[in-house]
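Position in the sequence shown (from 1) plus 37 gives the number in this note's numbering. Where is the CB? At the ideal position from N, CA and C, for every residue including glycine. All figures in this text were calculated on a predicted structure; none of them were measured in a lab.
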Amino acid sequence: MDPVIVAGAGPVGLALSLALAAQGVPSVVLDEGTGTDDPRPARTAILRPDTAALMARLGCTTLGDEGAHWIGWRLMRRKQLMRELPLGEDAPAPLHIPQHALSRGLRSAIAGQELVRVVTGNRLDSLEQDARGVTVHTRGPGATWWRGSHLVGCDGARSTVRKLLGIRFPGRTAVERHAVAALRAELPWPGEALLHRQPPWSGGGEEVSARPLADGVWRLDWLLPSRGELVTPDALVTRLRDTLAGWCGETPPYELLDTGVYTLHHRLARRWRAGRAFLAGDAAHLLGAVGTQGLDEGLRDVSNLAWKIAEDWHHGASETLLDSYQAERRTAVAARLRAADQSLPILRGGGGLRTYMPGATRGHDTLLADGHLGHGPLGAPPAYPHSPLAPPHAGAQTAVGTSPGAPVEDVRVTAPDGTTVRLGDRLGRGLHLVVLVAPGTGVWDRRHWLTAGVMPRLAAAVTALPVRAELLVTEAYPGASAHSVLLVRPDGHLVAAFGGVRPADLYAAADAARGGSPSAPSEVRADAP
């Protein structure tokens, strides 16, 4: 069968190719560039725990050496410390890494992967679809035609794939504008991220942030008026020196590594699927105001889409399963954009009555922390409670600490071969997971508990499911009683939980999670260019 064609070799395209390979699906990555990424220390990525875990599972080799987990978060207003939050085990810290280092780590993982082929110097310029696949043409030194089972446009904000599919990309322009600098220096709060609102020194502007990277490097961002004069290099250096002096009492020694100015836009593609072609990452959405992270959402697109394409590639999938990518991910990103757009007038409105209402400042601080740290509507991992893959409610379903459609907790589990791992380690392999909550099994010899109690009946039920599934056992799961059975999708979202072994209900839930029986290939729909 033909490989999947991935247009674009940024972090999202590279991650998608690795996620497909982990599920036995070959891909061709069409890279417009030379296959290397120019170092830009000021262009960084902030990964939440779920997307950092995805990068680790895909074998990204640079997370530990070139990424930095913040040890704390603080928010200041003028001269006053408004909030201080330690980060660690109880409050997981984001991972901050230069984007070129992230891409290099993904390329290193691809170098050892036989199922991924990266073709440099190739820009896609036309595409055709039929019921069996996609044919694209590229221009460049080796201009040629490529045939693929599917096409995924990961080719950025100016996506050629999106334009060739005729998909509109409406939204808001210049939502926020920032000046940015990367420098090596000693600041008063090593390892902690700072957001300073209305700093008291002249020219401080409305807001400035300092976020640590590895090796003593910091990224500083200044919020600028959305429309204003160009920021010259001299003006940016003056702003930098004044900021450092404001924090340290005087400007400390520093090594300036990189600078820039960037503008944030909020846009959302009307459709994310057209026949056998899909959009992901910046080709599908742009966001980033008030601390939200566009790359995070692009990597969540990868997690959601990869197992669905893999299911279609190996076994054929229903239209319901393929359509669920847009239904789930577009809805989640739209909610994120809506939350950011609703927060902007409150946070950037320049005061007014809200500023003087009791608790208003605390509410503003919470909104900003949510965006920067990955909590609440602005940053938490998405749930898909209204997914087309959600099973109908059955009487045997039971409530646990995770709602249906939400990401499961990363508890320790034991596989039938006796190995004990984290639940997250079993994700991303194209398998649904069936997790039995069985207190006490951790101290039993597996020769006993595999053949005792409900295990034989549950193992038989798992074998009979209409999806490939793996049976796991855990000592405990938040909110779950003994002998609860959880069905988890390959991307780690809970399908349903049952009170006991219920083969018929488990089968029905698994059938819903795969979108029902795949239909025979049909002609590409008329609305799919």
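Problem set entry | Nearest candidate by alpha-carbon position, reference Gly-400, set Leu-410, Gly-416 and Ile-383 | The residue given as residue 400 occupies position 363 in the sequence shown. Closest option to Gly-400, Cα to Cα, is Ile-383.
Exercise. What's the C-alpha gap between Leu-460 and Gly-265?
Worked result: The residue labelled residue 460 in the question sits at position 423 within the sequence shown. The residue labelled residue 265 in the question sits at position 228 within the sequence shown. Looking at the two C-alpha atoms, the distance is approximately 49 Å.
Exercise. So, are the CB atoms of Pro-414 and Ala-376 less than 8 Å apart?
Worked result: For the purposes of this step, residue 414 is taken as the residue at position 377 of the sequence shown. For the purposes of this step, residue 376 is taken as the residue at position 339 of the sequence shown. Yes.
Exercise. Roughly how many whole angstroms lie between the Cα atoms of Asp-378 and His-520?
Worked result: Taking the sequence shown and counting its residues from 1, the one referred to as residue 378 is at position 341. Taking the sequence shown and counting its residues from 1, the one referred to as residue 520 is at position 483. Those two C-alpha atoms are separated by around 44 Å.
Exercise. For the alpha helix (DSSP H) that contains Ala-371, what are its first and last residues?
Worked result: Here residue 371 refers to the residue found at position 334 of the sequence shown. Unbroken alpha helix (DSSP H) run through Ala-371: 368-385.
For this session: Kindly confirm or deny that the stretch 286-295 and the stretch 60-80 touch, where touching means at least three C-beta pairs closer than 8 Å.
Result: yes
Exercise. In three-state DSSP terms, what is Ile-134?
Worked result: Locating residue 134 in the sequence shown gives position 97, counting from the first residue. In this structure, Ile-134 counts as strand in the three-state DSSP scheme.
For this session: Give a yes or no on whether the minimum CB-CB distance between Leu-381 and chain C is below 8 Å.
Result: The structure shown contains no chain C; it is built from a single protein chain.
Problem set entry | Gly-96 versus Pro-429: straight-line alpha-carbon distance, rounded | For the purposes of this step, residue 96 is taken as the residue at position 59 of the sequence shown. For the purposes of this step, residue 429 is taken as the residue at position 392 of the sequence shown. Between Gly-96 and Pro-429, the C-alpha separation is close to 37 Å.
Exercise. Any contact of the stretch 448-456 with the stretch 508-524, i.e. 3+ C-beta pairs under 8 Å?
Worked result: yes
Exercise. Phe-315 bridges to which residues according to DSSP?
Worked result: Residue numbering aside, residue 315 sits at position 278 when the sequence shown is read from its first letter. In DSSP, Phe-315 forms a bridge with Val-189 and Arg-310.
Problem set entry | Boundaries (first-last residue) of the beta strand (DSSP E) holding Trp-259 | Along the sequence shown, one-based indexing puts residue 259 at 222. Segment 254-261, the beta strand (DSSP E) holding Trp-259.
For this session: Count the other CB atoms, across all protein chains shown, that sit within 10 Å of the CB of Pro-527; report buried if there are 16 or more and exposed otherwise.
Result: Position 490 of the sequence shown, counted from the start, is the residue given in the question as residue 527. It is buried - the Cβ of Pro-527 has at least 16 other Cβ atoms within 10 Å.
For this session: Leaving aside the five residues before and after Ala-230 along the sequence, list all residues of the same chain whose C-beta is less than 6 Å from its C-beta, in chain order.
Result: Translated into positions along the sequence shown, residue 230 becomes position 193. Counting only Cβ-Cβ distances below 6 Å, and skipping sequence neighbours, we find Trp-107, Trp-110 and Arg-248.
Exercise. Looking only at its own chain, which residues have a Cβ that is under 7 Å from the Cβ of Ala-427, when we skip the five neighbours before and after it?
Worked result: Position 390 of the sequence shown, counting from 1, holds the residue named residue 427. Cβ neighbours of Ala-427 beyond the five flanking positions: Pro-441, Gly-442 and Ala-549.
For this session: Would you kindly check if the distance between the Cβ of Val-171 and the Cβ of Leu-152 is under 8 Å?
Result: For the purposes of this step, residue 152 is identified with residue 115 of the sequence shown, where counting begins at 1. For the purposes of this step, residue 171 is identified with residue 134 of the sequence shown, where counting begins at 1. Cβ distance not < 8 Å, so Leu-152 and Val-171 don't count as in contact.
For this session: Could you pull out every unbroken alpha helix (DSSP H) segment of at least 4 residues lying fully inside the stretch 445-520, listed in chain order?
Result: Taken in chain order, the unbroken stretches of alpha helix (DSSP H) that lie wholly in the stretch 445-520 and span 4 residues or more are 483-486 and 492-500.
Exercise. Quick one: what's Phe-535 bridged to in DSSP?
Worked result: Within the sequence shown, residue 535 is the residue found at index 498, counting from 1. DSSP lists Gln-434 and Val-522 as partners of Phe-535.
Exercise. To which residues of the same chain is Asp-542 closer than 7 Å at the C-beta, ignoring the five residues directly before and after it?
Worked result: Walking along the sequence shown from the start, residue 542 turns up at place 505. Correct list, in chain order: Ala-431, Ala-433 and Phe-535.
Problem set entry | Where the beta strand (DSSP E) through Thr-81 begins and ends | Looking up residue 81 in the sequence shown gives position 44. Segment 81-84, the beta strand (DSSP E) holding Thr-81.
Exercise. Relative to the ligand GDP, is the shortest distance from any of its heavy atoms to the C-beta of Ala-211 smaller than 7 Å?
Worked result: Looking at this structure, you won't find the ligand GDP or any other ligand, since it has none at all.
Exercise. How many Å lie between Asp-360 and Arg-367 at the Cα?
Worked result: As a working note, residue 360 is residue 323 in the sequence shown. As a working note, residue 367 is residue 330 in the sequence shown. Whole-angstrom Cα-Cα distance: 11 Å.
For this session: Kindly list the residues whose CB is nearer than 8 Å to the CB of Cys-285, restricted to its own chain and excluding five residues on each side of it in sequence; keep chain order.
Result: One-based indexing of the sequence shown puts residue 285 at position 248. Excluding positions up to five away in sequence, the list reads Leu-224 and Pro-225.
For this session: Write down the C-beta distance between Cys-191 and Val-43 rounded to the nearest angstrom, noting that I regard them as a contact closer than 8 Å.
Result: Position 154 of the sequence shown, counting from 1, holds the residue named residue 191. Position 6 of the sequence shown, counting from 1, holds the residue named residue 43. The Cβ separation is near 6 Å, so the contact holds.
Exercise. Do Arg-199 and Leu-316 come within 8 Å of each other at the CB atom, strictly closer than that value?
Worked result: Mapped onto the sequence shown, residue 316 falls at position 279. Mapped onto the sequence shown, residue 199 falls at position 162. For Leu-316 and Arg-199, yes; Cβs fall inside 8 Å.
For this session: Report buried or exposed for Asp-233, applying the criterion of at least 16 other Cβ atoms within 10 angstroms of its Cβ.
Result: For this step, residue 233 is matched to residue 196 along the sequence shown. A quick correction: the sequence has His, not Asp, at residue 233. Buried: at least 16 other Cβ atoms inside 10 Å.
For this session: Note the first and the last residue of the continuous beta strand (DSSP E) segment covering Tyr-299.
Result: Sequence index remark: in the sequence shown, residue 299 carries index 262 (1-based). Where Tyr-299 is concerned, the enclosing beta strand (DSSP E) stretches over 291-305.
Exercise. Does the distance from the CB of Gly-408 to the CB of Gly-328 come in under 8 Å?
Worked result: One-based indexing of the sequence shown puts residue 408 at position 371. One-based indexing of the sequence shown puts residue 328 at position 291. Contact flag set, yes.
Problem set entry | Given Gly-72 as reference, the closest of Leu-323, Tyr-544 and Arg-154 once Cα atoms are compared | Here the question's residue 72 lines up with position 35 in the sequence shown. If we check each option's Cα against that of Gly-72, Arg-154 comes out closest.
Exercise. Could you give the residue range of the beta strand (DSSP E) that holds Arg-176?
Worked result: For the purposes of this step, residue 176 is identified with residue 139 of the sequence shown, where counting begins at 1. Unbroken beta strand (DSSP E) run through Arg-176: 171-176.
Problem set entry | Same chain, Cβ closer than 6 Å to Arg-214, five either side skipped, listed in chain order | The residue labelled residue 214 in the question sits at position 177 within the sequence shown. Cβ neighbours of Arg-214 beyond the five flanking positions: Leu-261, Ser-263 and Thr-300.
For this session: Assign Leu-332 to one of three DSSP states: helix, strand, or coil.
Result: Start at 1 with the first residue of the sequence shown, and residue 332 comes out as number 295. The answer is helix: DSSP assigns Leu-332 an H, G or I state.
Exercise. Leu-508 and Val-474: beta carbons closer than 8 Å?
Worked result: To locate residue 508, count along the sequence shown from 1; it is residue 471. To locate residue 474, count along the sequence shown from 1; it is residue 437. Their beta carbons are not under 8 Å apart, which means Leu-508 does not touch Val-474 by this criterion.
Exercise. What residue range is occupied by the uninterrupted beta strand (DSSP E) comprising Val-36?
Worked result: Given that the chain is displayed from residue 38 to residue 566, the structure contains no residue 36 and the question cannot be resolved.
Problem set entry | Leu-305 vs Ala-371 beta-carbon contact at 8 Å | Here residue 305 refers to the residue found at position 268 when the sequence shown is read from its first residue. Here residue 371 refers to the residue found at position 334 when the sequence shown is read from its first residue. Yes, the Cβ-Cβ distance between Leu-305 and Ala-371 is below 8 Å.
For this session: Enumerate in chain order the residues of its own chain whose CB-to-CB distance from Ala-282 is below 8 Å, with the five nearest sequence positions on each side excluded.
Result: The residue given as residue 282 occupies position 245 in the sequence shown. For Ala-282, where only same-chain residues beyond five positions count, the Cβ hits under 8 Å are Trp-238 and Thr-288.
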